[in-house]
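As you go down the protein sequences, you meet chains B and V in turn. Position in the first sequence (from 1) plus 252 gives the number in our numbering. Just so we're aligned: 206 in our numbering is position 226 of the second sequence, and the numbers increase by one with no gaps anywhere. Ideal Cβ placement from N, Cα and C applies to all residues, glycine included.
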Amino acid sequence: MNEKMTPAWQEMGLTCQEYDKICEILGREPNYVETGIFAVLWSEHCGYKNSRPVLKKFPTEGKHVLQGPGENAGIVDIGDNQALVFKMESHNHPSAIEPYQGAATGVGGIVRDIFTMGARPIASLNSLRFGDPSDPLVRYLFSGVVAGIAGYGNCLGIPTVGGEIFFHPSFKDNPLVNAMCVGIVDHDQIRRGYAEGTGNLVMVVGARTGRDGIHGCTFASEELSEESEERRPAVQVGDPFMEKLLIEACLEVMKAGYVVGIQDLGAAGLTSSSAEMAGRAGAGMELDISLVPRREEGMTPYEVMLSESQERMLLVLEPQHVEAVKRLFAKWGLEAVVIGKVTGDGIYRIRDGETAVAEIPVKALTESPVNYPEQREPEYYQRLRRWRADDVPEPDNCTDVLWRLLASPNIAGKEWAYSQYDSMVMLNTVVGPGADAALLRIKGTPKGLALTADGNSRYCYLDPYQGGAMAVAEAARNLSCVGAEPLGLTDCLNFGSPEKPEIFWQFTRAVEGMSAACRALSIPVISGNVSFYNETNGEAVYPTPVVGMAGLLPDISKYVTGAFCDPGDEIALLGRFAPTLGAGEYLAFIHGIEAGAVPSLDLEQEKRVQECCRRLVREGLIKSAHDCADGGLAAALAECCIAGKLGADVALPINGRKDNILFGEMQSCIVVSCAPGRLPAVLDNAAAQGVDCRVIGAAGGDRLLMRGAADRGVLIDMPVEEMEKVWRGSIASFF
Amino acid sequence: MKFGVVVFPGSNCDADCYHVIDQVLEHPVTYIWHQEKKLSGVDCVIIPGGFSYGDYLRTGAIARFAPVMDEVIRFAERGGLILGICNGFQILLEAGLLPGAVLRNESLQFRCHDVFLRVENAATPFTNRYRQGEVIRFPIAHGEGNYYADPDSIKQMDENGQIVFRYCLENGESAAQANPNGAVGNIAGVCNKNGNIMGLMPHPERCCEEILGNTDGILLFSSLLQWWGFPDQKRVTA
């Protein structure tokens, strides 16, 4: 068949079966616009057609949950009639093609998801994955993405308070850009995306509609390839100033009580927002798209329906409020135009003036068919698990190894990136980027809010189930380290093509592992996003479920960071010290090996360690807490020293390979420090909760000294100032 | 003493300034919308940080034409106290109320972190609670804070005591590595000849509360109170 003969529905990404199903639903063949509407709403990006059955495994209920998945964002209760709204979303493909705008519009989209719920956005976080930073293309993507996040977020006046960055060759052409936003709202101000009340009017507000971003979400649902460059027009361009005005105007309109339902125009633009709002309310909708304000002439109905022009919102309101709402938007210099109404017949009707353009049952659009892709354990899984460390030589000079590890882009400080973000605006940031978790005060209350975003691509590749569980456990541990109790999580699940059985196996196993950890730690999933097709020319990225988590501190005056505080403070390990060389950063960065069993995770133990840590913080017994993660105990101690500008002297009279003791990674182990007088209470507390607590040394001096068993002497000896220089300067040295 | 915080579309430190005056300083404060033609009897105008009108052209270039600016200029001419922070400083420069201009940061990147400042003139309405030469720590958050004025102007400003803050190291030395944006002479903040208008790139409002880890900024605001004749209330020892 000649290429030009490919039918439109196929070009738009629908399968043959899906097209037949559409014909069956309509009782006729769909026209061009209708086909486009089905294609976007049934794409994985909007309809979750592959992932939906698997996502059902997540626990989504809990005592704090006010809104679980299915809305624009999830909501948890934080007491005092206040609630927290948060969600994370990916913008991977746009960022691969146009890093600045891709990342910027990623921030814009997630911020709209938050204020559309009635909440004032108060913090942003992000989780980023890039290839090897010594590659100039990677640096172009990395610096562009960071500048895009900064350019958009800074202008909005929403602080970017935390996140993580990981480098690995599998992300060379397909970076991961996951943006999270958190908002705060009074319970009675919560709004939802419901198009309720027959006869109510539908209004589009904000930016005008242009030809940008058409089929962006279909683009998100295919692999990257040589031709992806041609998709550049599918990447939208952001206008943060317009978004800032939208935030203020929409919050004002909602507060005035004029809004029945509200939703942002994100992926698939007007099509998805209107259909989803009607779908949630079980209503119908009739729109006349000739009324939609355009930024260019001659746009077809198809283009108007599928445009992904940014900074637009859809409002449903009672007719008598139209003029007041228009006046309020006008104050902010924004257009607000009625384009249709809510109907009671469950039909989605689009007109272009007098001409009918589309007529589809709403249900058919929002309840997309479900796929059950095949899954198969990949060949590498058992092979890499069996790897043993026997052939890896033990290093002679461990100080030198630590020096190199601190310079490893994955362990090194990420200040180069986050100092480009305004992390302090809004005057809530108590602990900003670079710590285990960010900490915000909640003005007018003694409460504090802890936020983190975590993932571990390498663990997930080697063992998706355990890796998924560890992503949840680590995020919760990071919150516990500052003293906060986890309330709920949002996730961004980044994988390759679900059409490959091995990839779908990774996806399913990761979700199962995450679910197990969520249940064990009692943390519900309240919102999330799936990003498939993260592949370039057939090569998938490492599977990367990213977890964004929020926790609450009852009293913000009692928190700790990872920094060692005073000379003489006792240093102890809370939780079992059981390092393993497999799957770690040391093995990958120093020896170039990515193999082995991942560290073991006992969820019962994890829960107890975290509870214990939170109690120690809240009772003011410890002065610092930092979890052992990438690079093992040596890297963790180095980070505590660097943050506190204070040395430490510790002894580890443990048998076994010294590189394993120093750099081997583990779960459920936290480095804490306390005043000597508090040590008995710390030990008692740990013992009472059945948690190991082992004193390893004391803070003090200007160097990190790590001693082995008596016959081994000093294993690591490095001045703090030198560690800091290496650790802080590494990322910047690539530019 | 009554304060007014000007709000342009795109201002984003307006609520922060309001919060500090209202909750920390505990003095009356009101927002002044950019289209207003009256300053509603305020004693001090604060032009806050942000991205007025998106700042897509040159920072502050559009804001200076806002209706409210006519009244701000009249207020200035009458000797009224005006404080411009970050974008507010840029707007005062564009409006010609302060000498000089700002360019993009030398790094071409936005920068947000703490800097050390040396108080070069502790005799202004904005700095009288600091000691001459005192080293303080303020946060910065800007992409265009690279202050410039020609050498003759700088010399004159220096002689007039118009250079109020310079970036410095913790020990007070104004070294190149302490300069976050390439500003000429490490200049972080300047005032007009009269001393009633001051603009600075760093954010004093971000360091006024114990819980945020830094209270070095509160003396700037209490200097204004002192100037206005209020006794030493809410003294925070430096």
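Notebook entry, point to check: Hey, is V/A7's beta-carbon within less than 8 Å of any beta-carbon in chain B?
Noted result: The residue given as residue 7 of chain V occupies position 27 in the second sequence. For the sequence presented, residue 7 of chain V should be read as His rather than Ala. It does not; no Cβ of chain B falls within 8 Å.
Next item on the list: Out of B/Y300, B/E549, B/E479 and B/A727, state which residue places its alpha-carbon closest to the alpha-carbon of B/T461.
Entry: Here residue 461 of chain B corresponds to residue number 209 of the first sequence, with the count starting at 1. B/T461 has its Cα closest to that of B/E549, out of B/Y300, B/E549, B/E479 and B/A727.
Check: If the cut is a Cβ gap below 8 Å, which residues of chain V does B/W584 touch?
Finding: For the purposes of this step, residue 584 of chain B is taken as residue 332 along the first sequence, with counting starting at 1. Contact annotation for B/W584 against chain V: P(-11) [CB-CB distance below 8 Å, chain order].
Next item on the list: Would you check if the distance between the CB atom of B/P797 and the CB atom of B/C712 is smaller than 8 Å?
Entry: Looking up residue 797 of chain B in the first sequence gives position 545. Looking up residue 712 of chain B in the first sequence gives position 460. In contact: B/P797 and B/C712 (Cβ atoms closer than 8 Å).
Checklist line | Contact with chain B by V/L110, beta-carbon distance below 8 Å | finding: As a position in the second sequence, residue 110 of chain V is number 130, starting the count at 1. Sequence inspection shows Tyr at residue 110 of chain V; the Leu mentioned does not correspond to that position. It does not; no Cβ of chain B falls within 8 Å.
Notebook entry, point to check: If B/F423 sits next to B/F382, beta carbons under 8 Å apart, how far is it from one beta carbon to the other, in whole angstroms?
Noted result: Start at 1 with the first residue of the first sequence, and residue 423 of chain B comes out as number 171. Start at 1 with the first residue of the first sequence, and residue 382 of chain B comes out as number 130. Confirmed, about 5 Å.
Next item on the list: List the residues of chain B whose Cβ lies closer than 8 Å to the Cβ of V/I191, in chain order.
Entry: Numbered from its first residue, the second sequence carries residue 191 of chain V at position 211. The contacting residues are V682, R693, I808 and S809.
Item checked: Residue from B/E917, B/G707 and B/F816 with nearest C-alpha to B/A927 -> For the purposes of this step, residue 927 of chain B is taken as residue 675 along the first sequence, with counting starting at 1. Among B/E917, B/G707 and B/F816, the Cα nearest to that of B/A927 is on B/F816.
Notebook entry, point to check: Which class does B/E858 belong to by DSSP, given the choice of helix, strand or coil?
Noted result: Here residue 858 of chain B refers to the residue found at position 606 when the first sequence is read from its first residue. Helix.
Margin query: Going by DSSP, what residue range makes up the alpha helix (DSSP H) through B/H878?
Written below: For this step, residue 878 of chain B is matched to residue 626 along the first sequence. That residue, B/H878, is in no alpha helix (DSSP H); its beta strand (DSSP E) goes S876 to D879.
Next item on the list: Establish whether the CB of V/A121 and some CB of chain B are separated by less than 8 Å.
Entry: The residue you call residue 121 of chain V lines up with position 141 of the second sequence. At a cut-off of 8 Å between C-beta atoms, V/A121 counts as an interface residue with respect to chain B.
Note to self: Is it buried or exposed, V/T104, if we count other Cβ atoms within 10 angstroms and call 16 or more buried?
What the structure shows: Your numbering for residue 104 of chain V matches position 124 in the second sequence. V/T104 should be labelled buried.
Checklist line | Neighbour flag for V/Y147 against chain B, beta carbons, 8 Å | finding: Taking the first residue of the second sequence as position 1, residue 147 of chain V is located at position 167. No, V/Y147 does not count as interfacial toward chain B.
Checklist line | Contact the region 492 to 500 of chain B vs the region 562 to 575 of chain B: 3+ CB pairs below 8 Å | finding: The answer is yes - the region 562 to 575 of chain B touches the region 492 to 500 of chain B, with three or more Cβ pairs under 8 Å.
Margin query: My parser needs the beta strand (DSSP E) runs of 3 or more residues fully inside the region 620 to 689 of chain B; what are they?
Written below: 681 to 683
Next item on the list: Check the Cβ-Cβ distances between B/N406 and every residue of chain V, and say whether any is below 8 Å.
Entry: Residue 406 of chain B sits at position 154 when you count from the first residue of the first sequence. Yes, B/N406 lies at the interface with chain V (some Cβ there is under 8 Å from its Cβ).
Margin query: Using 8 Å for Cβ pairs, my map puts V/F96 next to V/A158. What's the rounded Cβ distance?
Written below: Mapped onto the second sequence, residue 96 of chain V falls at position 116. Mapped onto the second sequence, residue 158 of chain V falls at position 178. About 6 Å separates the two Cβ atoms, so the contact holds.
Check: What residue range is occupied by the uninterrupted alpha helix (DSSP H) comprising B/E341?
Finding: By 1-based counting over the first sequence, the position of residue 341 of chain B is 89. Judged by DSSP secondary structure, B/E341 falls outside any alpha helix (DSSP H) and instead within the beta strand (DSSP E) spanning Q334 to S342.
Next item on the list: Using alpha carbons as the reference points, say which of B/V434, B/H439 and B/G513 lies closest to B/L453.
Entry: Taking the first sequence and counting its residues from 1, one reaches residue 453 of chain B at position 201. If we check each option's Cα against that of B/L453, B/G513 comes out closest.
Check: Alpha carbon to alpha carbon, what distance is there between B/G598 and B/G534?
Finding: Locating residue 534 of chain B in the first sequence gives position 282, where the first residue counts as 1. Locating residue 598 of chain B in the first sequence gives position 346, where the first residue counts as 1. Each residue's Cα considered, the two are about 7 Å apart.
Notebook entry, point to check: Whose C-alpha, out of B/I913, B/D901 and B/A877, is nearest the C-alpha of B/G884?
Noted result: Working through the first sequence from its first residue, we reach residue 884 of chain B at position 632. The residue with the shortest Cα to Cα distance from B/G884 is B/I913.
Item checked: Helix, strand or coil at B/W757 according to DSSP, with G and I counted as helix -> In the first sequence, counting from the first residue as 1, residue 757 of chain B sits at position 505. Helix, per DSSP.
Next item on the list: Grab the span of the beta strand (DSSP E) containing V/W13 for me, first residue to last.
Entry: Within the second sequence, numbered from 1, the residue matching residue 13 of chain V stands at position 33. Here the beta strand (DSSP E) through V/W13 covers V9 to W13.
Checklist line | Straight-line gap, B/F841 to B/D882 (C-alpha atoms, nearest Å) | finding: Residue mapping note: residue 841 of chain B aligns to position 589 of the first sequence, counting from 1. Residue mapping note: residue 882 of chain B aligns to position 630 of the first sequence, counting from 1. Going from the Cα of B/F841 to the Cα of B/D882 covers about 11 Å.
Notebook entry, point to check: Between which two residues does the alpha helix (DSSP H) carrying B/F382 extend?
Noted result: Sequence index remark: in the first sequence, residue 382 of chain B carries index 130 (1-based). No alpha helix (DSSP H) holds B/F382; the beta strand (DSSP E) holding it covers R372 to F382.
Next item on the list: Taking all protein chains shown into account, decide if V/K214 is buried (16 or more other Cβ within 10 angstroms of its Cβ) or exposed.
Entry: Here residue 214 of chain V refers to the residue found at position 234 when the second sequence is read from its first residue. At V/K214, the pLDDT of 49 sits below 50, so the modelled position is not reliable; the number obtained from the coordinates is stated separately. Exposed.
Check: Pick from V/V48, V/R98, V/I120 and V/A(-5): whose alpha carbon is nearest that of V/C66?
Finding: Numbered from its first residue, the second sequence carries residue 66 of chain V at position 86. When only C-alpha atoms are compared, the closest one is V/I120.
Item checked: Cut-off 7 Å between Cβ atoms - residues of its own chain near B/K308, not counting five sequence neighbours on either side -> Reading the first sequence from its first residue, position 56 is the one you call residue 308 of chain B. Closer than 7 Å at Cβ, skipping near neighbours: no residue.
Notebook entry, point to check: Does DSSP put V/F96 in a helix, in a strand, or in coil?
Noted result: Against the second sequence, residue 96 of chain V aligns to sequence position 116. DSSP places V/F96 in strand when its eight states are reduced to three.
Checklist line | Contacts around V/Y11, its chain only, beta-carbon distance under 6 Å, and the 5 residues preceding and following it disregarded | finding: Translated into positions along the second sequence, residue 11 of chain V becomes position 31. V(-15) and V(-13), listed in sequence order.
Check: Which of the three DSSP states, helix, strand or coil, is assigned to B/M432?
Finding: On the first sequence, residue 432 of chain B is found 180 positions in, with the first residue counted as 1. Strand at B/M432.
Next item on the list: Leaving out five residues on either side along the sequence, give the residues of the same chain with a beta carbon under 7 Å from the beta carbon of B/R693.
Entry: As a position in the first sequence, residue 693 of chain B is number 441, starting the count at 1. Around B/R693: N680, V682, G700 and I808.
Notebook entry, point to check: Could you give the distance in angstroms between the alpha-carbon of B/S920 and the alpha-carbon of B/N708?
Noted result: Locating residue 920 of chain B in the first sequence gives position 668, counting from the first residue. Locating residue 708 of chain B in the first sequence gives position 456, counting from the first residue. So the alpha carbons of these two residues sit roughly 15 Å apart.
Check: Do the region 339 to 358 of chain B and the region 778 to 787 of chain B touch if we need at least three Cβ pairs shorter than 8 Å?
Finding: These segments touch.
Next item on the list: Could you tell me which of V/V170, V/E100 and V/N151 sits nearest to V/A129, measuring between CA atoms?
Entry: To locate residue 129 of chain V, count along the second sequence from 1; it is residue 149. With distances taken between Cα atoms, V/A129 lies closest to V/V170.
Check: With V/Q70 and V/G40 assumed to form a contact (beta carbons below 8 Å), what rounded beta-carbon distance in angstroms separates them?
Finding: In the second sequence, residue 70 of chain V corresponds to position 90, counting from 1. In the second sequence, residue 40 of chain V corresponds to position 60, counting from 1. About 4 Å separates the two Cβ atoms, so the contact holds.
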